[in-house]
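Below is one structure, written out as structure tokens; the observations come after it.
Numbering (UniProt numbering), first residue to last: 1 to 337.
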């Protein structure tokens, strides 16, 4: 599928058309990259904006529109988020027809502030508390969210692209696949009441928010928004905080960081929402789920090459080896609950 998308973009002026729908020329765009989408930045009237072009094979037009409705609902209710802007045709999402598939173009205001990189984020207790508060507020708003148009509904957790494509993994990964079925079976047995399950951000790593003095934390990249357990939004943040620590010597660092994060995160979270202790004890299951998703994604990006010969990143290769070991043994990256 990825090659088919690239072939279309090489032979059809999808990006030119997308730019034109927002009053731009393609030459004004700077390519930022992306895995599921094609993401560009541009400047207009002294402000920065983001153009995102999504293959319909990844997200339908209705799923994209549902994402935008969710973002605007959160913003109307006090969450600082990167907002979409209207096209020259006065629509939030532009559908571009091309051979074999369509593409959906959306423009967003670029989030105020800056990303907090590693290692600066690792002991920023104030940011942990702010993350807790904005996550708690989002989950509280999710409980009240009632999308009237059922066609504009985001997917549930089990329709995650990577979970749907476990066969991306090579045949040698039998034990990983066994863990996959075990994790899915565990999740399918969990209660799904309104106090624990709803629409979440779905990818709240440190790369998907900016921090500024004026706006505090501004969230963006809601492309993975889905209906799931609220605790998954918490586990995702923990995973991306601790997975940098490898080897046996990294275990203590992972535990220390997870405990520190949760202490300050929950201080902020409890100001906006209540989550039963039962769910906090389920974090290890959701850590395994996130590791599985990231692991499958790594193989997708390298076309299933088990040796990752195209990469010269030794940290990445070490992580792959350790991640496989954890998944084969069905253990979370950290367990302090």
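Glycine residues also receive a C-beta, built at the ideal position from the N, C-alpha and C atoms.
(request) Taking residue 228 as the reference, give the member of 247, 190, 316, 95 with the closest Cα. (result) As a working mapping, residue 228 is identified with position 228 in the chain shown. When each option's Cα is compared against that of residue 228, the closest is 190.
(message) Closer than 8 Å is the cut-off here; do at least three beta carbon pairs connect the segment 126-141 with the segment 167-176?
(response) no
(request) Report the three-state DSSP secondary structure of residue 323 (helix, strand or coil). (result) As a first step, residue 323 is located in the chain shown; it is residue number 323 there, counting from the start. Helix.
(request) Please report the residue range of the beta strand (DSSP E) in which residue 216 lies. (result) Here residue 216 refers to the residue found at position 216 when the chain shown is read from its first residue. Element bounds for residue 216: 216-219.
(request) Hey, could you find the ends of the alpha helix (DSSP H) residue 338 is sitting in? (result) Absent from the model: residue 338. The displayed extent of the chain is 1 to 337, so no value can be given.
(message) Quick check on DSSP: helix, strand or coil for residue 393?
(response) Residue 393 lies beyond the residue range present for the chain, which begins at 1 and ends at 337; the question has no answer from this structure.
(request) Could you tell me whether the Cβ atoms of residue 319 and residue 284 are closer together than 8 Å? (result) As a working note, residue 319 is residue 319 in the chain shown. As a working note, residue 284 is residue 284 in the chain shown. Contact: no.
(request) Hey, could you find the ends of the beta strand (DSSP E) residue 52 is sitting in? (result) For this step, residue 52 is matched to residue 52 along the chain shown. Per DSSP, residue 52 belongs to the beta strand (DSSP E) from 47-55.
(request) Return the chain-ordered list of same chain residues with a C-beta closer than 7 Å to the C-beta of residue 327, the five sequence neighbours on each side being excluded. (result) On the chain shown, residue 327 is found 327 positions in, with the first residue counted as 1. Hits under 7 Å: 176, 179, 291, 292, 295.
(message) Please give me, in chain order, every unbroken run of the beta strand (DSSP E) with length at least 3 that falls completely inside the segment 218-268.
(response) 226-229
(request) May I ask which residues mark the beginning and end of the alpha helix (DSSP H) holding residue 351? (result) The question about residue 351 has no answer, for the chain in this structure spans 1 to 337.
(message) Only counting the same chain, and skipping five residues up and downstream in sequence, which positions put a Cβ closer than 6 Å to that of residue 12?
(response) The residue you call residue 12 lines up with position 12 of the chain shown. Contacts found: 98.
(message) Would you call the segment 99-117 in contact with the segment 26-35, where contact means no fewer than 3 C-beta pairs closer than 8 Å?
(response) no
(request) Tell me whether residue 157 is buried or exposed, calling it buried when 16 or more other Cβ atoms sit within 10 Å of its Cβ. (result) Sequence index remark: in the chain shown, residue 157 carries index 157 (1-based). Buried is the call here.
(message) Taking its Cβ as the centre, do 16 or more other Cβ atoms sit within 10 Å of residue 252, making it buried, or is it exposed?
(response) Taking the first residue of the chain shown as 1, we reach residue 252 at position 252. It is exposed - the Cβ of residue 252 has fewer than 16 other Cβ atoms within 10 Å.
(request) Consult DSSP for residue 169 and reduce its assignment to one of helix, strand or coil. (result) On the chain shown, position 169 is the one that residue 169 refers to. Coil.
(request) Kindly indicate the opening and closing residues of the alpha helix (DSSP H) around residue 299. (result) In the chain shown, counting from the first residue as 1, residue 299 sits at position 299. Note, residue 299: alpha helix (DSSP H), 283-301.
(message) I'd like to check one pair, residue 94 with residue 152: are the Cβ atoms closer than 8 Å?
(response) Counting from one through the chain shown, the residue named residue 152 turns up at place 152. Counting from one through the chain shown, the residue named residue 94 turns up at place 94. The answer is no: Cβ separation not under 8 Å.
(request) Give me the Cα-Cα distance between residue 248 and residue 334, rounded to the nearest whole angstrom. (result) In the chain shown, residue 248 corresponds to position 248, counting from 1. In the chain shown, residue 334 corresponds to position 334, counting from 1. One C-alpha to the other measures close to 12 Å.
(request) Assuming residue 37 and residue 52 form a contact by the criterion Cβ under 8 Å, report the distance between their Cβ atoms to the nearest whole angstrom. (result) For the purposes of this step, residue 37 is taken as residue 37 along the chain shown, with counting starting at 1. For the purposes of this step, residue 52 is taken as residue 52 along the chain shown, with counting starting at 1. Indeed they touch by this definition, with Cβ atoms about 5 Å apart.
(request) Measure the CB-CB distance between residue 338 and residue 322 and report whether it falls below 8 Å. (result) There is no way to answer for residue 338, as the model of the chain reaches only from 1 to 337.
(message) Whether or not the segment 217-232 and the segment 196-204 are in contact is what I'm after, with contact meaning three or more pairs of Cβ atoms, one per stretch, closer than 8 Å; do they touch?
(response) yes
(message) I'd like to know if the segment 255-268 and the segment 236-246 are in contact, where contact means that at least 3 CB-CB pairs between them fall below 8 Å.
(response) yes
(message) If I follow the unbroken alpha helix (DSSP H) through residue 199, where does it start and stop?
(response) Position 199 of the chain shown, counted from the first residue, corresponds to residue 199. No alpha helix (DSSP H) contains residue 199, which is instead part of the beta strand (DSSP E) from 197-200.
(request) Compare the C-alpha of residue 112 against each of 43, 217, 313, 143 and name the closest. (result) Indexing the chain shown from 1 puts residue 112 at position 112. Residue 217 is the option with its Cα nearest to residue 112.
(request) Report the three-state DSSP secondary structure of residue 66 (helix, strand or coil). (result) By 1-based counting over the chain shown, the position of residue 66 is 66. Helix, per DSSP.
(request) Pick helix, strand or coil for residue 93, following the three-state DSSP scheme. (result) For the purposes of this step, residue 93 is taken as the residue at position 93 of the chain shown. Note: residue 93 maps to coil in three-state DSSP.
(request) State the start and end residues of the unbroken alpha helix (DSSP H) segment that holds residue 176. (result) For the purposes of this step, residue 176 is taken as residue 176 along the chain shown, with counting starting at 1. Start and end: 174-188.
(request) Please determine, among 325, 173, 131, the residue with the shortest C-alpha to C-alpha distance to residue 209. (result) Taking the first residue of the chain shown as 1, we reach residue 209 at position 209. Ranking 325, 173, 131 by Cα distance to residue 209 puts 131 first.
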